[in-house]
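**Student:** Below you will find the structure I want to go over with you.
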Amino acid sequence: MKKKMVKAGETETKKKAKCFKDKRKNMQRLGGGRGGLSLEAFANAKTKTNTYNPAIIKKQREFYKNAKYVNKYKRIVKQQQGEPSGSGSGSARQLEDEEGRNKKNSAGSLREIYERKREEDDKARMETEATILARKEERQRAESRRKELREKMFKKTKSGQPVMKYRIEHILETLQGSKV
């Protein structure tokens with residue numbers, strides 16, 4: 001009987017010692033036992049720790065797994081909405097692919113494909129050149145207009161006074177432009 005009591009007493013003292021150790025560790029983690037918390041420890045007390053926590057890892061894994069399934073479901077639904085006839089289109093695609101392979105194998109068709117692609121590239125290049133040229137011409141016209149207006153605005157009379165005619169015309173043009 002006495003042995004059992006002693007063992008029970010030992011476990012209580014071990015529990016108290018463990019609790020005390022845990023308290024001391026906690027205090028050190030939060031900035032030591034004396035003098036309260038440091039400012040840095042206080043600021044970082046509630047932040048996320050870098051310790052290994054399997055429960056959090058499991059939650060994150062489950063979250064990402066569910067997100068993956070949701071995205072996969074949405075993608076499948078989107079594909080089904082895009083293709084009204086699901087079974088028939090698959091066999092038609094296979095036939096087109098086989099025909100395309102047969103055509104690609106012949107040398108004449110390769111040359112035709114090359115020429116067609118080259119013509120498309122030439123057309124695209126010509127279009128871009130035309131747009132660049134049009135922009136350049138527009139820029140030059142706008143620049144010449146600004147230069148002409150500037151010359152008129154800086155024109156002076158023989159006595160050195162600015163010519164008011166052009167300034168008044170400019171003011172009228174801006175007013176008429178704002179009305180329209």
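Each residue of the sequence shown is one higher than the last, beginning at 1 in UniProt numbering.
Ideal Cβ placement from N, Cα and C applies to all residues, glycine included.
(1) Have a look at Met-153 and Tyr-166 and give me their C-alpha separation to the nearest angstrom.
(2) Considering only the alpha carbon of each residue, which of Pro-162, Thr-174, Arg-141 lies closest to Glu-151?
(3) Using only the alpha-carbon positions, how far apart do Arg-140 and Glu-120 sit?
(4) Terminal residues of the continuous alpha helix (DSSP H) containing Lys-78?
(5) Taking the alpha helix (DSSP H) that Thr-131 falls in, what are its first and last residues?
**Tutor:** A quick look at the data gives this:
(1) On the sequence shown, position 153 is the one that residue 153 refers to. On the sequence shown, position 166 is the one that residue 166 refers to. Distance from the CA atom of Met-153 to the CA atom of Tyr-166, rounded to whole angstroms, is 6 Å.
(2) Within the sequence shown, residue 151 is the residue found at index 151, counting from 1. Considering only alpha carbons, the answer is Pro-162.
(3) For the purposes of this step, residue 140 is taken as residue 140 along the sequence shown, with counting starting at 1. For the purposes of this step, residue 120 is taken as residue 120 along the sequence shown, with counting starting at 1. Correcting the residue identity first, residue 140 is Gln in this sequence and not Arg. Each residue's alpha carbon lies about 30 Å from the other.
(4) Residue mapping note: residue 78 aligns to position 78 of the sequence shown, counting from 1. For Lys-78, the enclosing alpha helix (DSSP H) has its first and last residue at 54 to 82.
(5) Numbered from its first residue, the sequence shown carries residue 131 at position 131. Boundaries of the alpha helix (DSSP H) harbouring Thr-131: 107 to 153, taken from the DSSP string.
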